[in-house]
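Read through the structure below, which is laid out as structure tokens, and then see the notes.
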Amino acid sequence: MVGLRERKKQRTRQALIEAALRLFGEKGFEETTLAEIAAQADVSTRTFFSYFAGKEDLVFYDSDERMEMAVGMMASREPGESVTDLLQRVVQASFDWATAFGGLTYEEAAVRTRLIMTVPALQARALFLLFDSQLRLARALHAAFPDRLTLVEAAAAVGALIGAVKLAVMAGFEQDDRSLEDIWNTAHRAAEVAMNGLKSLD
4 MVGLRERKKQ RTRQALIEAA LRLFGEKGFE ETTLAEIAAQ ADVSTRTFFS YFAGKEDLVF
64 YDSDERMEMA VGMMASREPG ESVTDLLQRV VQASFDWATA FGGLTYEEAA VRTRLIMTVP
124 ALQARALFLL FDSQLRLARA LHAAFPDRLT LVEAAAAVGA LIGAVKLAVM AGFEQDDRSL
184 EDIWNTAHRA AEVAMNGLKS LD
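Heads up: the sequence shown is residues 4 to 205, going by the working numbering.
Shown next as structure tokens:
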């Protein structure tokens with residue numbers, strides 16, 4: 004059970020994320036200051052730095068945790084689990100985690116996606132994280148199936164799956180009258196399509 008102090012820290016962290024995305028959407032990423040974000044979340048700038056190193060970290064606030072979760076799940080492959088079964092379990096856990104702990108509204112998620120697509124510094128960070136995370140996942144998948152998959156095959160599987168989900172979600176945000184539920188359905192459908200193509204690895 005999470006203690007009172009930890010719950011308070013989680014609320015403060017979430018308040019900073021929500022304040023940042025709201026201000027980024029209203030004023031722009033470069034134009035928003037750390038002091039403004041802290042003030043909106045009702046904390047000091049010093050407290051801000053207890054949670055995040057800078058503005059970029061607010062946009063990519065969940066990257067490290069989701070990666071550690073995915074790599075950990077691959078390392079604990081269940082007996083008899085196939086390649087696609089393991090990937091499906093990891094994908095579902097990632098979706099569940101984002102739904103339970105991400106806490107973003109559709110508008111906040113849309114702002115986040117738009118920022119990553121348009122702000123040069125965020126584009127560069129996203130590209131680095133994309134390749135770094137896929138390579139880490141590919142190594143973990145290869146390690147889970149050392150006698151069945153080469154590292155190249157594991158990399159191709161991870162790239163196909165992540166690429167399908169990310170591109171489908173970005174395309175979904177470009178459509179009008181969409182809800183967060185629609186985006187999650189899009190992500191699930193993209194994962195399903197990619198997974199069907201990966202069954203040859205089982």
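Even for Gly, the Cβ is constructed at its ideal location relative to N, Cα and C. The structure presented is a predicted model; accordingly, all values stated were derived computationally and were not measured.
Buried or exposed, going by whether 16 or more other CB atoms sit within 10 Å of the CB of residue i?
| i | result |
| --- | --- |
| Met-198 | buried |
| Ala-160 | buried |
| Val-62 | buried |
| Leu-131 | Note that residue 131 is Phe in the sequence shown, not Leu. With fewer than 16 Cβ atoms within 10 Å of its Cβ, Phe-131 is classed as exposed. |
| Glu-175 | Sequence inspection shows Gly at residue 175; the Glu mentioned does not correspond to that position. It is buried - the Cβ of Gly-175 has at least 16 other Cβ atoms within 10 Å. |
| Leu-125 | buried |
| Leu-140 | buried |
| Arg-151 | exposed |
| Lys-30 | exposed |
| Ser-182 | exposed |
| Leu-118 | buried |
| Ala-56 | exposed |
| Leu-107 | buried |
| Thr-48 | exposed |
| Thr-116 | buried |
| Ala-38 | exposed |
So, are the CB atoms of residue i and residue j less than 8 Å apart?
| i | j | result |
| --- | --- | --- |
| Leu-201 | Ala-167 | no |
| His-145 | Ala-157 | yes |
| Leu-154 | Arg-142 | yes |
| Met-76 | Ala-96 | yes |
| Val-172 | Ala-190 | yes |
| Phe-51 | Val-114 | no |
| Thr-87 | Leu-204 | yes |
| Thr-15 | Tyr-54 | yes |
| Ile-186 | Ala-112 | yes |
| Arg-80 | Ala-147 | yes |
| Trp-100 | Met-72 | yes |
For residue i, which three-state DSSP category applies?
| i | result |
| --- | --- |
| Phe-63 | coil |
| Val-155 | helix |
| Arg-181 | coil |
| Leu-201 | coil |
| Ala-56 | coil |
| Glu-34 | coil |
| Val-46 | coil |
| Gly-28 | helix |
Chain C beta carbons: is any one of them nearer than 8 Å to that of residue i?
| i | result |
| --- | --- |
| Thr-48 | Among the protein chains of the structure shown there is no chain C, as only one such chain exists. |
| field | Every unbroken alpha helix (DSSP H) inside the stretch 70-107 [4 residues or more] | value | 86-100
>> For the structure I just gave you, are there three or more beta carbon pairs, one from the stretch 29-48 and one from the stretch 86-93, closer than 8 Å?
In response: no
Next on the checklist: Quick test of the definition: if touching needs 3 or more C-beta pairs under 8 Å, does the stretch 15-26 touch the stretch 42-61?
Outcome noted: yes
| query | Counting only runs that start and end within the stretch 113-175, where is the beta strand (DSSP E) found for 3 or more residues in a row? | reply | none
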